[in-house]
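Residue numbers for the sequence shown follow this note's numbering, beginning at 77 and rising by one.
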Amino acid sequence: MKLPAFLNFITFLFTFAIGFSQQKEIQIKVHHVSNNVYMLVGQGGNIAISAGEDGVFMIDDQFARLTPKILKAIKTVSEKDIRFLLNTHWHGDHTGGNKNMEKEGAVIIAHENVRKRMSTDQFQKRRNRTIKAAPKGALPIVTFTKDLNFHFNGESIYAFHVHNAHTDGDAMVYFGSSNVLHMGDTYFQGKYPYIDLDSGGSAQGYIDAIKKALLIIDDETKIIPGHRNLSFKTELKEYLAMLEEIKINILTEINAGKTEEEVANNIKLTQKFDDLKYGDWFISGEAIRRTFYRSLKK
Numbered sequence: 077m078k079l080p081a082f083l084n085f086i087t088f089l090f091t092f093a094i095g096f097s098q099q100k101e102i103q104i105k106v107h108h109v110s111n112n113v114y115m116l117v118g119q120g121g122n123i124a125i126s127a128g129e130d131g132v133f134m135i136d137d138q139f140a141r142l143t144p145k146i147l148k149a150i151k152t153v154s155e156k157d158i159r160f161l162l163n164t165h166w167h168g169d170h171t172g173g174n175k176n177m178e179k180e181g182a183v184i185i186a187h188e189n190v191r192k193r194m195s196t197d198q199f200q201k202r203r204n205r206t207i208k209a210a211p212k213g214a215l216p217i218v219t220f221t222k223d224l225n226f227h228f229n230g231e232s233i234y235a236f237h238v239h240n241a242h243t244d245g246d247a248m249v250y251f252g253s254s255n256v257l258h259m260g261d262t263y264f265q266g267k268y269p270y271i272d273l274d275s276g277g278s279a280q281g282y283i284d285a286i287k288k289a290l291l292i293i294d295d296e297t298k299i300i301p302g303h304r305n306l307s308f309k310t311e312l313k314e315y316l317a318m319l320e321e322i323k324i325n326i327l328t329e330i331n332a333g334k335t336e337e338e339v340a341n342n343i344k345l346t347q348k349f350d351d352l353k354y355g356d357w358f359i360s361g362e363a364i365r366r367t368f369y370r371s372l373k374k
């Protein structure tokens, strides 16, 4: 075997070993939230399930490769079938297991824009990549435009659309009797949000989505964010205040005729929140400044 080919082979084995090791290390942790509602944390978006006499109602399903572990985790709570799977939006870390869950018998539900985006190749300009259309079995077969009610496991489960927030197909889900709200990626607890402008998301829509959530919940509501830790109303109000302050700061710069590069390089615009570690995860201070600039400049 020639040296370049040998090196490529070694690289492949090394990459495979790392991937296998990381997969082996991922654990699906189950947290009881309230009554019959649980949060499952692994790799990707936070999953919620309602487990009761009617079966399992599931929100999001992370990645396909994690399905066996997710199913095993659900079985520690309920032996009943997964009856419904609702996707909060179209991104793969929330819908990657759809095809597997469909094979388990779950009826997949989402906002109509989720099915539209999953049905066709999606080119993301800012990341310069194309995400291929999902297979038929992964697509939602029930879609809605505004809201939807389920009467399941002894409570009313209310799913509702929020416009052009994280994407153009976001849904939040409120478990009435349990007083739990799953916000999907309209809330990245403790960190700057990823607002997918290429998928119809917007800074103002993101802010408006959180305002809508605050109208529904009370001081006792448990909030499941799309990523990170279980939250509550006081923390969500602080998150909203952070986003609104950044919006004002960026708009001031836009009105003063500043360019995107000038805004992106002006650390002071988000310094207060950078210092609180909002930018030390997926989205940095510079990234959130660019996102708000691009969104508000339109």
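We put the CB at the ideal spot given by N, CA and C, even for glycine.
Judged by beta-carbon spacing, A285 lies beyond the 8 angstroms limit of V339, meaning their Cβ atoms are not closer than that value.
By the neighbour-count criterion, in which 16 or more other beta carbons inside 10 Å mark a residue as buried, A332 falls on the exposed side. Of the other Cβ atoms in all chains shown, fewer than 16 fall within 10 Å of the Cβ of G252; this residue is therefore exposed.
Distance between V117 and A149, taken at the CA atoms: about 10 angstroms.
The way I'd put it, the stretch 156-167 does touch the stretch 132-142; three or more beta-carbon pairs between them come closer than 8 angstroms. Between T346 and I322, the gap from beta carbon to beta carbon is short of 8 angstroms.
The beta carbon of Y369 sits closer than 8 angstroms to those of I326, E329, I330, E336, V339, A340, all from its chain and outside the five residues before and after it, given in chain order. For the options S232, S278, G266, the alpha carbon positioned closest to that of H242 is the one of S278. Taking the Cα positions, A127 is about 24 angstroms away from D295. Taking 8 angstroms as the cut-off, the Cβ atoms of D130 and F228 count as close.
Non-local beta-carbon contacts of G173 in its own chain, meaning distances under 8 angstroms to residues more than five positions away in sequence, involve D137, Q138, F139, A140, L142, T143, I146 in chain order. Of the residues I125, K313, L257, the one whose Cα lies closest to the Cα of K287 is K313.
Close CB contacts of E188 within its chain, under the 8 angstroms cut and outside five residues either way in sequence, are with T219, F220, T221, G245 (chain order). Annotation: the continuous beta strand (DSSP E) that includes A186 extends over 183-187. Look at the stretch 90-172 and you find these whole runs of beta strand (DSSP E), each 3 residues long or longer: 105-110, 113-117, 123-128, 131-135, 158-162.
Of all alpha-carbon atoms in M177, Y234, S275, Q280, the one lying nearest the alpha-carbon of R202 is that of S275. Under the criterion of beta carbons closer than 8 angstroms, Y354 and I292 do not qualify as touching, at roughly 24 angstroms. Annotation: Y263 is outside any beta strand (DSSP E) and is labelled neither H nor E by DSSP. Residue Y114 holds the alpha-carbon nearest to the alpha-carbon of S154 among Y114, M259, L319. In this structure, I300 places its C-beta atom within 8 angstroms of the C-beta atom of M259.
For M318, the uninterrupted alpha helix (DSSP H) segment begins and ends at 309-331. In the three-state scheme derived from DSSP, where H, G and I count as helix and E and B as strand, M259 is classed as coil. Closest in alpha carbon position to M318, among H303, I283, L290, is I283. Residue pairing from DSSP places S232 in a beta bridge opposite H227.
Taking the CA atoms as reference points, F264 sits about 16 angstroms from R365. The beta carbon of G121 is closer than 8 angstroms to those of D136, Q138, T164, H167, D169, H170, G260, D261, G302, H303 in its chain, skipping five residues each way along the sequence. The shortest C-alpha to C-alpha distance from V183 to any of F226, S195, R205 is the one to F226.
Looking at the backbone, the Cα of K267 and that of E320 are separated by about 14 angstroms. Of the other Cβ atoms in all chains shown, 16 or more fall within 10 Å of the Cβ of E231; this residue is therefore buried. By the beta-carbon neighbour count (other beta carbons within 10 angstroms, threshold 16), I217 is exposed.
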